[in-house]
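Undergrad: First, the structure itself, so that you have it in front of you.
Chains as they are written, first to last, in our numbering: chain L, 65 to 599; chain S, 20 to 309.
So this is what it looks like as structure tokens:
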């Protein structure tokens, strides 16, 4: 009855089709591992729901001080500041204006604070403008106290010329249709081109002339958790000579000086500065000072003015990051999941099976990265989009409206960029945590490391000096939050770029690139370690 | 019999073969066992060394980066130099959380917890022993880190214009508020480690515990800067463990704090106690083999 197994029975063959050793199979295997752990799926779903809920909570109320009614808007539709002393006359058709800035000096502090005598963005130069109505299109070539020669137009545009000091600089602004070209010179004979401005909406007859403006002094006090900003008006005096206007001007027209724009009411400085009581006379005098003045003697024109011609981001703020607040929570969940995706294999010894089935280490980690990154992106994108749209709609209803606050939409521009960028950020964080988990082979180090690196920079933001925190936001993976910056940072404003105000030192995709570089480096290290030291 | 006659503590005497061990011997043994476990894991010493180094380094970075030149006048800086020197707490607490969590989640991960609970079936006793050992270690390490941070502040700050003449006396433990900030910072580290331990008893998994603990600590300060609702920002500052717990570090402008120093530390202590309580309950109800 004994059966001779060896001779009669064929060798065992599985009825299953032979497995293929392709990369696609590897990815599929990793995806199966991920989706078959119910707890992880719950975490993924919860991360999405909680992040939407927190975005809604962050957009819970209206803006603190709504100045939408009082806001002045520029040609681009955004809120602007437009106040300066203007000595002008009409110019019809093409033409040019030449002037030499003899000097530009601050006229001593007008407020009770003791800042520097001349603010760095005090400016004197030549300007062409639609009319003298504030907010109308313009182009201006100017010498500034601390930022060299600048060509600026339509409030948001700013082009740097040479860094020369204001005193003794020659300026020339040439109009040709709607194109304004700025030139500067040290001697009035050899001219250097600064740039070209296209100003649409400039009528055939526009106002051209000399201007002086001196923005409010700005001081910032940052102590842990509280940031107090102080502003106070300032005055500057610019002296011009060699003023020449070439072009067709009405007969017997001459220079006339005036204040463009409205004086701030009240002009009292806010913040740290305290006004003494019974100072009404001084306040009245201060108002008078701020109106500025102009005088002519011989070939010299002296202009004293205050104010600024620039975008106004002081009243509003960037609320884009606020409507994406939930991403901070989702980030933590994705970091934990990413780390667990590989450390749980080490804990259970599963990694040996994985590596036996697919001995090429690098490909295993790459497949894991693709799966965890892809799944995270797929979950993060709808959650971020939903949270963002919902929060933005609620915020608009409660008073976050243009022109003071920018309108962000899911369909275009900064809004779309921020939603896609945030989903990419979260996916990269998951891959980074996975790579860190593979490198360290422990959950604790990977999860803590990634969370600390991503979250701590913003927390320390208000504690550390601005320079230091800006470097931290250039070098750590937290730089990637630059995708959540909605309002551009204007260099021509004396306002610091603070991460807690959603202003990041790196450009939108540059920050994401820093995170991607971190991820790539840690992944490469993980592959190296896995190859060198076996599981 | 002899032990009682001599009035000696029971712990020095081996238990009588017939009767069970007294309460004190059990406690001493449990503590000794937990201390041995903590001491013999190499990562403990790595973590503790890292905690001291990171706290001192962040403190050094913070104090050397500020200078009175950045303000209109030295007095206008209104810098809380003691708090600034102790900025490293933000990294130190992450290490404390890891240490607290690993003390228990590590045992769940490797399965040692079964042996532990077989030897000491009363779950809460194990948790209490772990909490006691962890507190002692964290307090010692915290004291070292705080002293180092304050010493660095003392050495660096005067060079940046924060001199006694300008109204910034060098940090000294003889000063009441500074002592409060220093002792409070050590307590914060202890409480964070206990919070991690409690949550580990509740969640058992290392990654989950750490995410929850760090979320509790770090998310509130972030949301405080993001949300526009003043009422919610104020609530977070008062009732979230971290902004509240760190009010103990303030040595000036106390009237501007959302919650006073000691009550703030009390809020953090309440979170830690709540987590430990829930953890003890979870250990009792849910079996270790799950």
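Note that beta-carbon positions come from the ideal geometry of N, C-alpha and C, so glycine has one too.
CB-CB under 6 Å to residue 210 of chain L, same chain, minus the five flanking residues each way: which ones, in chain order?
TA: Taken in chain order, the residues that qualify are 184.
Undergrad: Going by DSSP, what residues sit across from residue 206 of chain L in a beta bridge?
TA: DSSP output for residue 206 of chain L lists L:189 and L:214 as bridge partner(s).
Undergrad: Using only CA atoms, which one of S:248, S:302 and S:283 lies nearest to residue 258 of chain S?
TA: Comparing Cα-Cα distances from residue 258 of chain S to each of S:248, S:302 and S:283, the minimum goes to S:283.
Undergrad: Taking only three categories from DSSP, how would you classify residue 51 of chain S?
TA: Correct three-state label for residue 51 of chain S: helix.
Undergrad: Within 9 Å of any Cβ in chain S, is that where the Cβ of residue 127 of chain L sits?
TA: So yes, residue 127 of chain L belongs to the interface.
Undergrad: Can you give me the start and stop residues for the beta strand (DSSP E) that residue 158 of chain L sits inside?
TA: First-last of the beta strand (DSSP E) with residue 158 of chain L: 148 to 170.
Undergrad: Is residue 120 of chain L closer than 9 Å to residue 451 of chain L when the C-beta atoms are compared?
TA: Yes, they are a contact pair.
Undergrad: CB-CB under 8 Å to residue 288 of chain L, same chain, minus the five flanking residues each way: which ones, in chain order?
TA: Legend: pLDDT at residue 288 of chain L = 48, less than 50; position of this residue unreliable, value from coordinates given subsequently. These residues qualify, in order along the chain: 526 and 527.
Undergrad: Considering just the uninterrupted stretch of the beta strand (DSSP E) at residue 373 of chain L, what are its terminal residues?
TA: Note, residue 373 of chain L: beta strand (DSSP E), 373 to 375.
Undergrad: Which of helix, strand or coil does DSSP assign to residue 234 of chain L?
TA: Strand.
Undergrad: Would you kindly work out how many angstroms separate the C-alpha atoms of residue 427 of chain L and residue 87 of chain L, rounded to a whole number?
TA: Cα to Cα, residue 427 of chain L sits roughly 7 Å from residue 87 of chain L.
Undergrad: Measure the Cβ-Cβ separation of residue 2 of chain S and residue 208 of chain S and say whether it is below 9 Å.
TA: The structure shown does not extend to residue 2 of chain S, since chain S spans only 20 to 309, so no value can be given for it.
Undergrad: Could you name the residues of the same chain whose beta carbon sits closer than 8 Å to that of residue 41 of chain L, not counting the 5 residues immediately before and after it, in chain order?
TA: This structure cannot settle anything about residue 41 of chain L, because the visible part of chain L is limited to 65 through 599.
Undergrad: Could you check how far apart the C-beta atoms of residue 213 of chain L and residue 228 of chain L are, in whole angstroms? I think they sit under 8 Å.
TA: The Cβ separation is near 6 Å, so the contact holds.
Undergrad: Report the neighbours of residue 386 of chain L on chain S: residues whose CB is nearer than 9 Å to its CB, in chain order.
TA: 245, 246 and 247, listed in chain order.
Undergrad: Can you tell me whether residue 160 of chain L is buried or exposed? The criterion is at least 16 other CB atoms within 10 Å of its CB, across all chains shown.
TA: Per the 10 Å Cβ criterion, buried.
Undergrad: Can you look up residue 332 of chain L in the DSSP assignment and give me helix, strand or coil?
TA: Legend: pLDDT at residue 332 of chain L = 46, less than 50; position of this residue unreliable, value from coordinates given subsequently. Coil, per DSSP.
Undergrad: State yes or no: is the beta carbon of residue 389 of chain L nearer than 9 Å to at least one beta carbon in chain S?
TA: For residue 389 of chain L, the answer is yes, since a Cβ of chain S falls inside 9 Å of its Cβ.
Undergrad: Among L:153, L:503 and L:349, which has the Cα closest to the Cα of residue 588 of chain L?
TA: Nearest of L:153, L:503 and L:349 to residue 588 of chain L, Cα basis: L:503.
Undergrad: Taking only beta-carbon atoms, is residue 181 of chain S less than 9 Å away from chain L?
TA: Chain L, which has no Cβ nearer than 9 Å to the Cβ of residue 181 of chain S, makes this no.
Undergrad: Please list the partners that residue 117 of chain S has in chain L, where partner means a Cβ-to-Cβ separation under 7 Å.
TA: By Cβ distance, chain L contributes 508 and 512.
Undergrad: Indicate the three-state DSSP secondary structure (helix, strand or coil) for residue 137 of chain L in the structure shown.
TA: Strand at residue 137 of chain L.
Undergrad: Can you check which of these residues, S:241, S:247, S:100 and S:235, is closest to residue 289 of chain S by C-alpha distance?
TA: If we check each option's Cα against that of residue 289 of chain S, S:235 comes out closest.
Undergrad: Quick one: what's residue 277 of chain S bridged to in DSSP?
TA: DSSP output for residue 277 of chain S lists no bridge partner at all.
Undergrad: Closer than 7 Å between beta carbons: that is the criterion. Which residues of the segment 216 to 247 of chain S meet it against chain L?
TA: Against chain L - using a Cβ distance shorter than 7 Å - the residues of the segment 216 to 247 of chain S are 225, 226, 227, 229, 230, 233, 234, 237, 238, 240, 241, 242, 244, 245, 246 and 247.
Undergrad: Assign residue 565 of chain L to one of three DSSP states: helix, strand, or coil.
TA: Correct three-state label for residue 565 of chain L: helix.
Undergrad: Starting from residue 312 of chain L, trace the alpha helix (DSSP H) in both directions and tell me its first and last residue.
TA: Taken as a continuous stretch (DSSP letters only), residue 312 of chain L belongs to no alpha helix (DSSP H), being part of the beta strand (DSSP E) at 300 to 312.
Undergrad: Look up residue 647 of chain L in the DSSP assignment and say whether it is helix, strand or coil.
TA: Residue 647 of chain L cannot be examined here, being either before or after the span of chain L that is shown, 65 to 599.
Undergrad: Determine contact between the segment 392 to 410 of chain L and the segment 498 to 516 of chain L, defined as no fewer than three beta-carbon pairs at a distance below 8 Å.
TA: Result yes; three or more Cβ-Cβ pairs closer than 8 Å.
Undergrad: Quick check: the segment 186 to 204 of chain L against the segment 342 to 351 of chain L, are there 3 or more CB pairs under 8 Å?
TA: With a cut-off of 8 Å, the segment 342 to 351 of chain L and the segment 186 to 204 of chain L do not count as touching, because too few Cβ pairs lie within range.
Undergrad: Specify the secondary structure class of residue 580 of chain L as computed by DSSP and reduced to three states.
TA: In this structure, residue 580 of chain L counts as helix in the three-state DSSP scheme.
Undergrad: I'd like to know if the segment 74 to 87 of chain S and the segment 170 to 177 of chain S are in contact, where contact means that at least 3 CB-CB pairs between them fall below 8 Å.
TA: Verdict: yes, contact present.
Undergrad: At the level of alpha carbons, what is the spacing between residue 64 of chain S and residue 71 of chain S?
TA: Looking at the two C-alpha atoms, the distance is approximately 11 Å.
Undergrad: Work out the CA separation of residue 407 of chain L and residue 145 of chain L for me, nearest whole Å.
TA: Rounded to the nearest angstrom, the two C-alpha atoms are 56 Å apart.
Undergrad: Does the distance from the CB of residue 321 of chain L to the CB of residue 188 of chain L come in under 9 Å?
TA: No.
Undergrad: Express the C-alpha separation of residue 95 of chain S and residue 183 of chain S in angstroms, rounding to a whole number.
TA: For residue 183 of chain S and residue 95 of chain S, the distance between alpha carbons rounds to 15 Å.
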